[in-house]
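All letters in the sequence shown, in the order written, are residues 53 to 366 by the working numbering. Even for Gly, the Cβ is constructed at its ideal location relative to N, Cα and C. Since the structure is predicted, the reported quantities are computational estimates derived from the model, not experimental observations. Everything below concerns the one structure shown next.
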Amino acid sequence: MTIAADTQDSNHGYWVRNSRTKCPLMTLTGMGVVLVWLSMGCAGSPRQSQSPIKEPAPLPALTQLIESRMAAQAQKALVTMALFGGSELDDEDRLKRRLGQFTARYRARGKAVPKLTEISVVTRPIEASLPFDLNSLASQAGDAKKMLVSATQVVFVRFKGSPLPHNEQIHFVLSFVDSLTEGSNQAVVDFSTRRAYTQSAFNDWVARDKQLADQVTPGIEQSADGVTFFTRGFAKFGHPDLEVYGIPPKMARQHFPRFQAAIDAHRNGSFKKVGDTFRGTKLAACKRDGASYELNCVRLPVKADSATPKSGAQ
């Protein structure tokens, strides 16, 4: 596992429209999504009471964009993949029929199948209203960049629901997306980790990643208080992403193997949410903005991270 230098914290997903008012719901800055909450005049009749209103705690931006109720539901899994291509992806009804056919075949092989109501397929033309910056995404896409910048259509395939045994929700989505790439030349983006794949590289990844080792990626960024380690991708498992904030720069290299060990422990279900105890220390809320992670996030204090075993230990 390598450190992925990443200073752009952003989220991607579906989009929100407000057809009844002229009030903005969000602004797009680069690859980031910032929700705009308006205090008066945009959500129905004006307030009658003069009492101060306590603002709700901010929710992770991607969750807010897709389904605001979801943020309050514990142990939900989010798996979001996207295909970038051409006109072969513009028929949403056909894609949904293919999902139904794929589901029947998957079930016939004795695999665990998510409910269809938990799987969504949405296709849209690539245009400015999508909540991501294609050029910023392509700048990190490697061999998939050419296909990304030439694509005219994007398809989102998403699972949301309770995690299945053996992480079957991830296997199912990857396998379905893999089936959609057959006989085509498309780019595939994992919207949890921001990784982009050529069609052939994605096929190879699905075939070899039986243990889901590449579903979570670590990152590192500089903050005003030092170095921050973080993960992306744990939402697929129904777990919050991890953060260790404010590591002294001189200690960063020493801390990273310990952070990897914490990732392994977290994948195995050792801790779940803010307030849980990990190696004798309570987990806290993350310091980074909610737009930096998909579903939720927990922070390992530097002190707690120092107590974890080195990489490879359990």
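For I315, the enclosing alpha helix (DSSP H) begins and ends at A304 to R319.
Between A239 and G162, the C-beta spacing is not below 9 Å. Per DSSP, Y158 is one residue of the alpha helix (DSSP H) stretching across E144 to A160. With contact defined as three or more Cβ pairs closer than 8 Å, the stretch 128 to 143 and the stretch 236 to 251 are in contact. Bounds of the alpha helix (DSSP H) holding R260 are Q251 to R260. Under the three-state reduction of DSSP output, D242 falls in the strand class. In the DSSP assignment, A134 falls outside any alpha helix (DSSP H) and within the unbroken beta strand (DSSP E) covering A129 to G137. The beta carbon of V350 lies closer than 6 Å to those of P292, V326 and L335 in the same chain, with the five residues before and after it left out.
Separation of the CB atoms of G298 and F282 is rounded to 12 Å, and the pair is thereby denied contact status at 8 Å. Secondary structure at F282: strand, using DSSP grouped into helix, strand and coil.
S172 is positioned such that its CB atom lies closer than 9 Å to that of F208.
Non-local C-beta neighbours of A196 in its own chain, meaning closer than 7 Å and more than five positions away in sequence, comprise A239, A248, Y249 and T250, ordered along the chain. The same chain holds no residue with a CB closer than 6 Å to that of G194 once the five nearest residues on each side in sequence are set aside. Exclusion of the five residues before and after P353 leaves T333 and A336 as the residues of its chain whose Cβ lies within less than 7 Å of its Cβ. Per DSSP, K197 is one residue of the alpha helix (DSSP H) stretching across K197 to S202.
Sorting S244, V201 and D316 by C-alpha distance to the C-alpha of R284 places S244 at the top.
Around T329, the same chain offers F323 and L335 as residues with beta carbons nearer than 8 Å, after the five sequence neighbours per side are excluded.
With distances taken between CA atoms, G213 lies nearest to A129 out of L200, R159, A304 and A129. Looking at the DSSP output, I299 sits in a beta bridge with V279.
Of the other Cβ atoms in all chains shown, fewer than 16 fall within 10 Å of the Cβ of Q274; this residue is therefore exposed.
With contacts defined as CB atoms closer than 9 Å, Y158 and S227 qualify as a contacting pair. With distances taken between CA atoms, R310 lies nearest to V296 out of L216, P301 and V296.
Taking C-beta atoms under 8 Å as the contact rule, P217 and G290 fail to qualify, at a distance of about 12 Å. If you draw a 10 Å sphere on the C-beta of P301, you find fewer than 16 other C-beta atoms in it, and that means exposed.
Put simply, the backbone Cα of T175 is about 45 Å away from that of M303.
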